[in-house]
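Numbering (this note's numbering), first residue to last: 197 to 654. Don't be surprised by glycine CBs; every beta carbon is placed ideally from N, CA and C. Nothing here was measured: the structure is a model prediction, and the numbers come from that model. I have placed the structure first, in the form of structure tokens, so that the comments after it can refer back to it.
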Amino acid sequence: MKKIYLALAIILSHTGLYGEELLKNVIDNTTIDGFLFGRIFSNFGKDGSGTSTQYRLKFDVRTGDLAGFRVGSGIFFGIGTSVPDGTKADGDIQGWRAAVPRRAGDRFGLSNLFADYHIKPISSYIEAGRLNIKHVNTDPVLDMGNGASMYGKMDTIKYRVSFYDSWLTDLFYYLIVGRGAYTNQSNTNNFGIGNNLVIADFNQTINDFNYILSATYASKFMDYNLWADLMYDLPKGFFLRGQVGIARLNKNAKLQIGGANLPAANIYNESFKLGNHAKDRGIYNLQAGYKNEFMTLKIGFLGSFLQGYGVMMEEIGSLDIGGAVWYGGITSAYEGFSFLGSGGIKNSSVYSPYIKTSYTINDIVGLGLDLAYIGGNNYMPILSKAKRDNTYTINEIYGITNAIDADNYRFIKNLKFFELTPSITLQVNKYITINAYLANFFGGLSYSKVKFQITARI
Numbered sequence: 197m198k199k200i201y202l203a204l205a206i207i208l209s210h211t212g213l214y215g216e217e218l219l220k221n222v223i224d225n226t227t228i229d230g231f232l233f234g235r236i237f238s239n240f241g242k243d244g245s246g247t248s249t250q251y252r253l254k255f256d257v258r259t260g261d262l263a264g265f266r267v268g269s270g271i272f273f274g275i276g277t278s279v280p281d282g283t284k285a286d287g288d289i290q291g292w293r294a295a296v297p298r299r300a301g302d303r304f305g306l307s308n309l310f311a312d313y314h315i316k317p318i319s320s321y322i323e324a325g326r327l328n329i330k331h332v333n334t335d336p337v338l339d340m341g342n343g344a345s346m347y348g349k350m351d352t353i354k355y356r357v358s359f360y361d362s363w364l365t366d367l368f369y370y371l372i373v374g375r376g377a378y379t380n381q382s383n384t385n386n387f388g389i390g391n392n393l394v395i396a397d398f399n400q401t402i403n404d405f406n407y408i409l410s411a412t413y414a415s416k417f418m419d420y421n422l423w424a425d426l427m428y429d430l431p432k433g434f435f436l437r438g439q440v441g442i443a444r445l446n447k448n449a450k451l452q453i454g455g456a457n458l459p460a461a462n463i464y465n466e467s468f469k470l471g472n473h474a475k476d477r478g479i480y481n482l483q484a485g486y487k488n489e490f491m492t493l494k495i496g497f498l499g500s501f502l503q504g505y506g507v508m509m510e511e512i513g514s515l516d517i518g519g520a521v522w523y524g525g526i527t528s529a530y531e532g533f534s535f536l537g538s539g540g541i542k543n544s545s546v547y548s549p550y551i552k553t554s555y556t557i558n559d560i561v562g563l564g565l566d567l568a569y570i571g572g573n574n575y576m577p578i579l580s581k582a583k584r585d586n587t588y589t590i591n592e593i594y595g596i597t598n599a600i601d602a603d604n605y606r607f608i609k610n611l612k613f614f615e616l617t618p619s620i621t622l623q624v625n626k627y628i629t630i631n632a633y634l635a636n637f638f639g640g641l642s643y644s645k646v647k648f649q650i651t652a653r654i
């Protein structure tokens, strides 16, 4: 850091002491934040088996203010999987001396590269470059876009409005690759989506009432995706919450997929005229609860309406429902509420009554228990150990017959089952957290999944 300071000081020495003070402010107010974790998963029981490890690291650096401007960048490393299916961790060393990424989800490189400007009169920032997509129903760590974002506060309303010329969410990547090579591009490891993407989020608290509103548009793909999250605090710790999402696929929906290995135009259109895609989708979540200093109790009901329930850019987003695995821990992609997952199939539906509770001891130990029942015309994926009649692949459902290297997950229509999941979290100190769960499926599915994770934050 001293070498950087001296080099920059020489460059700006003609500005005198004032310039050095500015430079010192830039360096002294540079922030570094991020995390790293290692975790292990294991399935066991009649319908599931396998063990896997997964590691992830993300560090971001942002300089201090220089005449209102800041610059930032970060690194990301990810390897392994959270969804074992008959695999063994002891035969998967993931490289020697340095991991060599080889699977679709393995990544190492710059995660973002951007500059921002502070507009002080309106308490807002504008940032542009290669950005993490930080919106209500996206993954702020894994989802990326090339574009610009404006965020801040207007009176008591917090907002973020973004435009991305090209982008890719982590979940869309998996789901497009999973369809196979019939797109001529979706089996590669280096593509993005060129449909222009606009997202706007708004959040405000008015006395005991809080709302979050979000709207998303993707040109020639998604006509609209609207989200509302409403919460009202009642006396004596009780509260009510309602969440609703609705989305519409464009009547001639296409994803503009580009990749570095294509000559010239670098573009390929994947059409959604093929197969059985739901045009209109909707979900709702109604919840009542109680909270105090030590515990939280939530009772609710999740349901869907219209032709499907795929309304998210990722598997669950900010949806607050029961369970820990059924919506994103079986295949990590298809079973959730993604636009391209099982909920995007025409005439699919899901419902889930649930109860969940958590208890904290001295802000150090957290205990949780989730119970959820899952039903509906839900096209749930199953693992290879689960032997069932009348199953389908995702491309059989969509009517695609010429794909190669597609996912071989099997899907069951109208699967009904329970998830019962106890969990524990240990806050070792302000930097280190340990958490674990034991998810148990019974009814239409019969197996258990264990997770153990250690996370370090800076």
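Original post:
Within this structure, are the beta carbons of G241 and V257 separated by less than 8 Å?
Top reply: With a cutoff of 8 Å on beta-carbon distance, G241 and V257 are scored as not near each other.
Subject >> Per DSSP, cross-strand counterpart(s) of D256 >> reply: In the DSSP assignment, D256 forms a beta bridge with D229, G270.
Original post:
Cβ-heavy atom distance between I551 and the ligand FMN below 7 Å?
Top reply: No copy of the ligand FMN appears in this structure; indeed no ligand is present at all.
**OP:** With distances taken Cα to Cα, identify the nearest neighbour of A652 among D281, F233, S580, A263.
**Re:** Looking from the CA of A652, the closest CA among D281, F233, S580, A263 belongs to F233.
Original post:
Span of the beta strand (DSSP E) holding F648?
Top reply: First-last of the beta strand (DSSP E) with F648: 643-653.
**OP:** Write down the C-beta distance between G572 and S545 rounded to the nearest angstrom, noting that I regard them as a contact closer than 8 Å.
**Re:** The Cβ separation is near 4 Å, so the contact holds.
Original post:
If you draw a straight line from the C-alpha of F405 to the C-alpha of F435, how long is it?
Top reply: Rounded to whole angstroms, F405 to F435 spans 10 Å at the Cα level.
Subject >> CB contact flag (N328, S358, <8 Å) >> reply: Cβ distance not < 8 Å, so N328 and S358 don't count as in contact.
Subject >> Cut-off 6 Å between Cβ atoms - residues of its own chain near T259, not counting five sequence neighbours on either side >> reply: Around T259: V222, T226, R266, V267.
Original post:
For K450 versus K416, is the C-beta distance shorter than 8 Å?
Top reply: For the pair K450 and K416, the CB atoms are nearer than the 8 Å cut-off.
Original post:
For T401, is the classification buried or exposed, using 16 other Cβ atoms within 10 angstroms of its Cβ as the cut-off for buried?
Top reply: Counting Cβ neighbours within 10 Å, T401 comes out exposed, since fewer than 16 surround it.
Original post:
Between M662 and the rest of its own chain, which residues show a CB-CB distance below 8 Å, the 5 nearest in sequence each way excluded?
Top reply: Only positions 197 to 654 of the chain appear in the structure, and residue 662 is not among them; the question remains open.
Original post:
Contact check, S534 vs L367 under 8 Å by CB: the rounded distance?
Top reply: The C-beta distance from S534 to L367 rounds to 5 Å, short enough to meet the 8 Å contact threshold.
Original post:
Measuring CA to CA, which of Y321, T617, L262, S580 is closest to F607?
Top reply: Looking from the CA of F607, the closest CA among Y321, T617, L262, S580 belongs to S580.
**OP:** Note down, one range per segment and in chain order, each beta strand (DSSP E) of at least 3 residues found wholly within the stretch 368-451.
**Re:** At a cut-off of 3 residues, the continuous stretches assigned as beta strand (DSSP E) that sit fully inside the stretch 368-451 are 387-389, 393-402, 405-414, 418-429, 434-445.
**OP:** Would you tell me roughly how many angstroms separate the C-alpha atoms of E663 and G496, rounded to the nearest one?
**Re:** This structure leaves residue 663 out entirely; the chain is present only between 197 and 654.
Original post:
If you run the structure through DSSP and keep just helix, strand and coil, what is I463?
Top reply: Legend: pLDDT at I463 = 45, less than 50; position of this residue unreliable, value from coordinates given subsequently. The answer is coil: DSSP assigns I463 none of H, G, I, E or B.
Original post:
So, using beta-carbon positions, are K447 and Q503 closer together than 8 Å?
Top reply: No. Outside cutoff.
Subject >> Residues of its chain near R293, where Cβ-Cβ distance is below 7 Å and the 5 sequence neighbours each way are ignored >> reply: Here the model assigns R293 a pLDDT of 43, short of 50, so the residue's position is not dependable and the matter cannot be decided.
Original post:
Under a three-way DSSP split, which group does V279 fall into?
Top reply: Looking at V279 - three-state DSSP - the assignment turns out to be coil, as it is neither helix nor strand.
Subject >> Integer-rounded CB distance, given that K254 should sit under 8 Å from G230 >> reply: For G230 against K254, the beta-carbon gap comes to about 5 Å, under 8 Å, which counts as contact.
Original post:
Mind checking whether L616 and N636 have CB atoms under 8 Å apart?
Top reply: A contact, by the Cβ cut-off of 8 Å.
Original post:
According to the neighbour-count rule (16 or more other Cβ atoms, all chains shown, within 10 Å of its Cβ), is G639 buried or exposed?
Top reply: An exposed status is given to G639, since fewer than 16 other beta-carbon atoms sit within 10 Å of its beta-carbon.
Original post:
Going along the chain, which residues of its own chain have a beta-carbon closer than 7 Å to the beta-carbon of K626, five neighbours each way excluded?
Top reply: Taking K626 as the centre and dropping the five residues before and after it, the same chain places no C-beta closer than 7 Å to its C-beta.
Subject >> Selected residue, minimal CA-CA separation from D419, among A443, I389, R437 >> reply: Comparing alpha carbon positions, the residue from A443, I389, R437 closest to D419 is A443.
Original post:
M340 to T334, Cα distance in whole Å?
Top reply: One alpha carbon belongs to M340, the other to T334, and they sit about 10 Å apart.
Original post:
Can G374 and D603 be called in contact, C-beta distance under 8 Å?
Top reply: Closer than 8 Å, so yes.
Original post:
Beta-carbon separation of G244 and Y643 under 8 Å?
Top reply: Yes, the pair counts as a contact, with Cβ atoms nearer than the cut-off.
Original post:
Which residue's Cα is closest to the Cα of S320: L219, L338, S345?
Top reply: Looking at the Cα atoms, S345 is the closest of the given residues.
Subject >> Sequence-distant residues of its chain with Cβ nearer than 6 Å to Q623 (five each side left out) >> reply: Spatial neighbours of Q623 in its own chain (CB-CB distance under 6 Å, excluding positions within 5 residues in sequence) are listed in chain order as I560, T629.
Subject >> Distance between P317 and L641 (C-alpha atoms, nearest Å) >> reply: If you draw a straight line from the Cα of L641 to the Cα of P317, it comes to about 57 Å.
Original post:
In whole angstroms, what is the alpha-carbon distance linking N472 and T587?
Top reply: If I take the Cα positions, the gap works out to 16 Å.
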